[in-house]
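Engineer: The structure follows.
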Amino acid sequence: MRCAPPRPYAGPMRTDTGWRRFHAAGWLISLGVAAVAIGAWQAYVREVEQRAEEAERTREETARRRAVEERLRIARELHDSLTHSISVIKVQAGVATHLARKQGDEPLPALLAIQEASTDAVRELRSTLDVLRRDGESNGNGLERLKVLVEGAEAAGVPTTVTVVGERRPLPPEVDEAAYRVVQEALTNVGRHAGDGTAAVVRIRYAPRMLGLEVADDGRGADHSPAPGHGLTGMRERVAALGGRLDVGPEPGGGFSVRAELPLPPEE
């Protein structure tokens, strides 16, 4: 009787296969858990970013609303205080002019200058109030009104000449208004600080990438520089906001000058 040959022992092979399957299942589970964790983390990051963006929008909207409220408050204060006072000055100057003419006398030049200046001040103040109530846009003052500034300076006793170099061309509204304000403040300072008998010169230079401004007096008035005030500070802020440069100070040979350079976009 023959005996059947012994079967090969397969226990360890089966055990190794089971461990391999177990390890593969473990890796699959780990990868699944990692994928879920990464997805959850990405969702969390997106949520945090959205919350940050929403908070930033809320801050911007709050700041914008507060800025609008502050502009309206300033507009109300200016209207309640300055507009009424300047209007009274204008009316009183007009009455005095009318009475002088009614009596056969010619009104004093200073009285006519006060009447004209108060009329212009009321117009500009109302334009400024309108800008404050809207959104800080330009109020339409530019170098096309330079003639008005010159006439006002001459009425105040400051003979003024204007020199323009270069080809005139349309200016960006913010540059045009800044140039007007610089010339306006400079001429005001000449009349206020330079003294009697002083003449002024306004020079405007149109360059391809720059607008040059200069307002200088001849030094026949007071021999000291005007004290720094809100006018000079306002000029510096306007020019700096446009990326320009402002130089203010006495001239070596006498007199006082204001020089500004305002950048312009390239000509098309």
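The numbering used here runs 16 ahead of the 1-based position in the sequence shown. For glycine and all other residues, C-beta sits at the position ideal for the given N, C-alpha and C.
#1: Across which residues does DSSP place Pro317 in a beta bridge pair?
#2: Any idea what DSSP makes of Gly215, helix, strand or coil?
#3: Quick check on DSSP: helix, strand or coil for Pro266?
#4: The beta strand (DSSP E) with Val178 in it runs from where to where?
#5: Run through DSSP, which three-state label would Ala172 get?
#6: From the DSSP output, read off the bridge partner residues of Asp233.
#7: In this structure, how does DSSP classify Arg221 when only helix, strand and coil are distinguished?
#8: Less than 8 Å separating the beta-carbons of Ala112 and Thr176?
#9: When you compare only the Cα positions, how much space is there between Ala41 and Trp57?
#10: Gly260 and Leu278: beta carbons closer than 8 Å?
#11: Taking the straight line between their C-alpha atoms, what separation do you get for Asp223 and Val178?
#12: Between Val255 and the rest of its own chain, which residues show a CB-CB distance below 6 Å, the 5 nearest in sequence each way excluded?
#13: Return yes when the Cβ of Ile130 is within less than 8 Å of the Cβ of Ala109, no when it is not.
#14: Report yes if the CB atom of Leu227 is closer than 8 Å to the CB atom of Leu280, and no otherwise.
#15: I need the DSSP call for Arg73, collapsed to helix, strand or coil.
#16: Using CA coordinates, which residue listed in Asn205, Ala50, Ile54, Val191 is at the minimum distance from Leu165?
#17: Is it right to say Ile45 is buried, meaning 16 or more other beta carbons lie within 10 angstroms of its own, or is it exposed?
#18: Compare the C-alpha of Val218 against each of Val231, Ala194, Arg62, Val138 and name the closest.
#19: What residues in its chain sit with their C-beta under 7 Å from that of Asp192, if we drop five residues either side in the sequence?
#20: Rounded to whole angstroms, what's the CA-CA distance from Arg80 to Glu69? Just pull it up for me.
#21: Using CA coordinates, which residue listed in Pro282, His114, Leu98 is at the minimum distance from Glu140?
#22: My output table needs one value for Arg261: the three-state DSSP class, helix, strand or coil.
Structural biologist: Result, derived from the coordinates:
#1: No information on residue 317 is available, as it lies outside the stretch 17 to 284 that the chain covers here.
#2: Correcting the residue identity first, residue 215 is Ala in this sequence and not Gly. Of the three classes helix, strand and coil, the one that applies to Ala215 here is coil, per DSSP.
#3: strand
#4: That run of the beta strand (DSSP E) goes 176-181.
#5: The answer is coil: DSSP assigns Ala172 none of H, G, I, E or B.
#6: Asp233 pairs with Ala216.
#7: strand
#8: Between Ala112 and Thr176, the C-beta spacing is not below 8 Å.
#9: 24 Å
#10: Leu278 is positioned such that its CB atom lies closer than 8 Å to that of Gly260.
#11: In the sequence as presented, Asp is not what sits at residue 223; that position holds Ala. For Ala223 and Val178, the distance between alpha carbons rounds to 17 Å.
#12: Cβ within range, chain order: Leu262, Ala276.
#13: yes
#14: Taking a C-beta distance under 8 Å as the contact criterion, Leu227 and Leu280 qualify as a contact pair.
#15: helix
#16: Asn205
#17: Its Cβ having fewer than 16 others within 10 Å, Ile45 is exposed.
#18: Val231
#19: Gly158, Leu159
#20: 16 Å
#21: Leu98
#22: strand
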